[in-house]
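S.K.:
As structure tokens, then:
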């Protein structure tokens, strides 16, 4: 199979939006696309695609843990004039603990980040370039769901199943939807169910179904702006070859595409299957963590 | 002046949406309202209302600190087949450190939360009722900006200035906009500028201009669904009387209204002043922190 | 078997050291005892009893997690006159994550803490009384190791094994050591090995051997000042009766005795078995976390 | 004045204790020295040299913040058989937030750590060599206090005052104490008082009195094992030349000497002045944070 460096070179968007660009494929979401996306709101139904952030989440421990939520105040012991009580709380977590955007500084190779920025821009104090806060004005536009699990007639795709461009085409055709420039593509593998039915982080995190490297060309051909999935790493794992996270390397570092991971498409997918409408307004603003390489998110799909 | 308990009793929404309600005034955002709000998107311009989350933010220390962002991985020292490198990061912060939603479990009095839930629902492990994750499907709808600083012709209102119902009426009239049922109201005081021009948390946090208690009736009369401001506590501080956070008590605990604080309306306000359009689609989904009393947020206003 | 309230009432040290006392049985360590303990240092060998604090520690997750250590600076990217580089780091952890002192505010019942302080002294902001920082000048004195695993000729006692006063007596007699007033008693169960040989937090945390409630009288009779063990909760688990953490209740809340948990006695025990000397100078100063109910610790035994 | 590289080359201890050494000058504390140090305990008086760890500590914010202590459990809402309640807590802090040991991986230059280890040993995951947990069996031995503030007859030395070898000699002579091989030297500047009397972190952190680079030779001549002070960075600041943290570079990276900072010698110094005895048993065990570059500490001086 093709090496990721070859794919990346072919699909590179470096300097497509100028030498100072930090938005990557989000540049493809034009104001006109936003207006058109808003026009997809016909019933006012809202689907929240973020998972719950809690200590019983999908992180098995190690480098990433589940969020730790601690109360600083519960109202106990407070005496204020008038009798008001308040509660306050803290969070400690990896920014990639649960539903998240991968920023463009999250993955790189050969000492260069997207658009040719030096890897040294990412250091102990964070990302000097391509940090997630640069996406503050997004990520909003037309969302399209391709439900591959449904296409295959399964509860969820199997670990290690590599979604192909043909799968994507067939899903689009079957669903009667097209994927085009500036779209935010949501690929449903059903893998989220592995966690929700077992509650077992190890089962969820030990591999997954996801797109194969061949899909990068498919995404580039359509000028997709952002890609989301209900697995934890977008791409099939174990990977197709011996190169680790080959899809991440191409999508993030070469194409400059934000990735949305550990999302929940179950309720949305059921609704889409029901009404046959697989497009919607998508708004998934990252929290503007300065210098961060990712952000928690709770995207809304509004139909 | 009237005591907040009297105002709260008069404006109470307890049981208006049933004994099990945890959404409060968000119930006022109907699907029809969402569709109508989407219809306000005419040019595709997006304004992000969240402030940057960073160590140089507006918290002076003490109970709430600025977010602490730490890198777990920078890519340094990694050797993976194929040459991929990745960066990962952690955050530690109060959920009320910067741009935030106050959930309905954030403030209470007389041992009862909104809708009559016992205060003991809020404990060391978080909020058993009225936690912020209940707002997961929101907060989205029609946003309306009332620019009181502009109305008064000032850069920002003064510390201790109490915005009145008459101010709100006059701003709406001058701007040619109406505030109605299910709206998400944004009140601009300009107070954000006190921080952005000085960088001094103490100057920003030591009091503020904001609405007075009399505005609660005004908000109730119009069935406003949620209230946001560019100050840090919605209400005028020091307060009008000796009761601490009287407005919080009535809006959150009695009316069940989510409050959005420490937002930045500067760019949006300039645009509204320019085109005379003060209404827009607003989407400000909280991160679904289970059991939390608040959430960071980066709301988008889309025109 | 006897209820813990009855034992606690009988062994209570409340007001023994005055109504304002916050030191409990640490009062039993007199200056003379410290001098005598220093006299036990004959060879200068030092044994460190704290376990490593790391992400692969004994916490299985849930309420307590293993420490999360994050670098803020690694030296990368720094340019200072002269060429100095520095590294800095952060820790996030439960104060009871690994080797620890339980302070006297850690456990209570019937709305009262040790010495009769109201339970309300422990609130969301910490402990107003009996916080761990009150132990700042300690905990140092004569340490005595009773090696019950060795006495029984086992690698480690079994989960659920309840150490009896007779076990303690027999160990002391066999070892040729006496336990007396002001001593810091170390009881070795061998349970630490369950973790070090398996690396499995669940195996370590799912019950343990430890002292039974009857040992409280034994400790009181001898005026022991502090108690340490190589298990995670001092007492046998599951407990002897239906009362949860009965031994904690009596030792901490009634007797006012600090407990040292999740310690490692393996190297020390081997040395003691070798030279037949089971007494030593013990110094285990807690970090003075103001208002905290516990502290990490790395006690030294010096022979 | 001499450049620090020249001083460091002259005083280097690299390979003095073998190519694999990670203990540096702690090697100078022999078992015999420990026995002798224990012999200094004559009255049993204990002085704790750690400062309180709390949110109102000496960190002004920025790279290092004061510890954030949060309760996970207060006992509220707990229902266990028998009626036990427990409290648990968490800490988030820089390991260098308050009283601390600087490990040998804390400072380096010219791409090499102490003993010639490559700087790349310190990375985003911590220190692969020279981490603080290597000091687990220490730091204990004979402590000697040199009270320079008292020598000069001042409450505290002035910011920018550079303590000289002559100062150290004169203090030792006046106090009637000698500093020798394997000693843990405590230098009192009185600077701690700047914080305790003002409560102002900025006043405390904006420069300090401390040793000048010339003292490195003095320390080396006597084979001092570890150095502690009541300021925040051992050395005079602003420094004597244009090289940043020149003393740190030589002591840590070239000589391999642990530094104890932000300690409180006030009570100890008063006692020493009173009885004329400036030597004692010192035990300051670091918490064994694996891979960390420093550790909080609460050292005990026992006389």
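Chains as they are written, first to last, in full-length UniProt numbering: chain A, 1 to 303; chain B, 1 to 303; chain C, 1 to 303; chain D, 1 to 303. Glycine included, each C-beta is placed from N, C-alpha and C at the ideal position.
Comparing the C-beta of residue 306(A) with each C-beta of chain D, is any distance below 8 Å?
M.R.: Since the first and last residues shown for chain A are 1 and 303, residue 306(A) lies out of range.
S.K.: If we cut at 8 Å on Cβ distances, does residue 249(D) have a partner in chain C?
M.R.: yes
S.K.: Hey, how far is the Cα of residue 225(A) from the Cα of residue 276(A)?
M.R.: So the alpha carbons of these two residues sit roughly 23 Å apart.
S.K.: Ignore the nearest five residues each way along the sequence and tell me which others in residue 294(D)'s own chain have a CB closer than 7 Å to its CB.
M.R.: Cβ within range, chain order: 95, 96, 100, 101, 102, 103, 106 and 132.
S.K.: Which whole-angstrom value is the C-beta distance of residue 147(B) and residue 171(B), which I expect to be below 8 Å?
M.R.: About 6 Å; that satisfies the 8 Å criterion.
S.K.: Should residue 72(B) be flagged as near chain C, meaning a C-beta pair shorter than 8 Å?
M.R.: So, interface residue.
S.K.: Can you list, in chain order, the residues of its chain with a C-beta nearer than 8 Å to that of residue 9(A)? Leave out the 5 residues immediately preceding and following it.
M.R.: 254
S.K.: According to DSSP, is residue 205(C) part of a helix, a strand, or is it coil?
M.R.: helix
S.K.: Determine the extent of the alpha helix (DSSP H) in which residue 183(B) is found, giving its start and end residues.
M.R.: First-last for residue 183(B): undefined, no H or E at that position.
S.K.: Any contact between the stretch 257-269 of chain C and the stretch 19-33 of chain D? By contact I mean 3 or more CB pairs, one from each, below 8 Å.
M.R.: No, the stretch 257-269 of chain C does not touch the stretch 19-33 of chain D.
S.K.: Please confirm whether residue 4(A) has its beta-carbon closer than 8 Å to some beta-carbon of chain D.
M.R.: no
S.K.: Quick one: residues in its chain with C-beta nearer than 8 Å to the C-beta of residue 75(A), no 5 flanking neighbours on either side, listed in chain order?
M.R.: 85, 86 and 87
S.K.: What's the C-alpha gap between residue 279(B) and residue 35(A)?
M.R.: 15 Å
S.K.: Going by Cα to Cα distance, which pick from 285(C), 55(C) and 244(C) is closest to residue 80(D)?
M.R.: 244(C)
S.K.: Do residue 252(A) and residue 114(A) count as a contact pair if the criterion is CB distance below 8 Å?
M.R.: yes
S.K.: Please report the residue range of the beta strand (DSSP E) in which residue 67(D) lies.
M.R.: Per DSSP, residue 67(D) lies in no beta strand (DSSP E) segment and is marked neither H nor E.
S.K.: CB residue 305(C) to CB residue 285(D), shorter than 8 Å?
M.R.: Here chain C has residues from 1 to 303 only, and residue 305(C) is not among them.
S.K.: Have a look at residue 70(A) and residue 62(B) and give me their C-alpha separation to the nearest angstrom.
M.R.: 16 Å
S.K.: So, at 8 Å on beta carbons, what are the nonlocal neighbours of residue 203(B) in its own chain, with the 5 sequence-adjacent residues on each side left out?
M.R.: Within its own chain, the residues whose Cβ lies closer than 8 Å to the Cβ of residue 203(B), once the five positions on either side in sequence are excluded, are 194 and 195, listed in chain order.
S.K.: Over what stretch of residues does the alpha helix (DSSP H) that includes residue 78(A) continue unbroken?
M.R.: In the DSSP assignment, residue 78(A) falls outside any alpha helix (DSSP H) and carries neither an H nor an E.
S.K.: Answer with yes or no whether the minimum CB distance from residue 175(C) to chain D is below 8 Å.
M.R.: no
S.K.: Flag this pair as yes or no: are the beta carbons of residue 52(C) and residue 297(D) separated by less than 8 Å?
M.R.: no
S.K.: Could you tell me which of 259(C), 250(C), 301(C) and 257(C) sits nearest to residue 272(C), measuring between CA atoms?
M.R.: When only C-alpha atoms are compared, the closest one is 301(C).
S.K.: Along the stretch 98-129 of chain D, where does the CB come closer than 8 Å to a CB of chain B? Name the residues.
M.R.: Identification of residues in the stretch 98-129 of chain D having a C-beta nearer than 8 Å to some C-beta of chain B yields 120, 123, 124 and 125, given in sequence order.
S.K.: Among 38(B), 282(B), 128(B) and 109(B), which has the Cα closest to the Cα of residue 22(B)?
M.R.: Just measuring C-alpha positions, the residue of 38(B), 282(B), 128(B) and 109(B) sitting nearest residue 22(B) is 128(B).
S.K.: Give every residue of the same chain whose Cβ lies closer than 7 Å to the Cβ of residue 89(B), excluding the five residues on either side of it in the sequence, and list them in chain order.
M.R.: 69, 70, 71 and 72
S.K.: Helix, strand or coil for residue 171(C)? Go by DSSP, reduced to three states.
M.R.: helix
S.K.: Look up residue 17(B) in the DSSP assignment and say whether it is helix, strand or coil.
M.R.: coil
S.K.: How is residue 191(B) classed by DSSP in three states: helix, strand or coil?
M.R.: coil
S.K.: What distance in whole Å lies between the Cβ atoms of residue 160(D) and residue 209(D), which are believed to be in contact at a cut-off of 8 Å?
M.R.: 7 Å
S.K.: Who are residue 93(C)'s beta bridge partners in DSSP?
M.R.: 91(D)
S.K.: Could you please give the first and the last residue of the uninterrupted alpha helix (DSSP H) stretch that includes residue 228(B)?
M.R.: Per DSSP, residue 228(B) belongs to no alpha helix (DSSP H); it is in the beta strand (DSSP E), 226-229.
S.K.: For the stretch 32-46 of chain D, which residues have a CB atom closer than 9 Å to at least one CB atom of chain C, in sequence order?
M.R.: From the stretch 32-46 of chain D, only 32, 33, 34, 35, 36, 37, 38, 39, 40, 41, 42, 43, 44, 45 and 46 have a Cβ closer than 9 Å to chain C.
S.K.: Under 8 Å between C-beta atoms, does residue 88(A) make it to chain B?
M.R.: Residue 88(A) counts as touching chain B.
S.K.: Under 7 Å Cβ to Cβ from residue 246(B), same chain only, skipping five residues before and after it: list those, please.
M.R.: 4, 213 and 239
S.K.: Is the number of C-beta pairs between the stretch 148-156 of chain A and the stretch 184-193 of chain A that are closer than 8 Å three or more?
M.R.: yes
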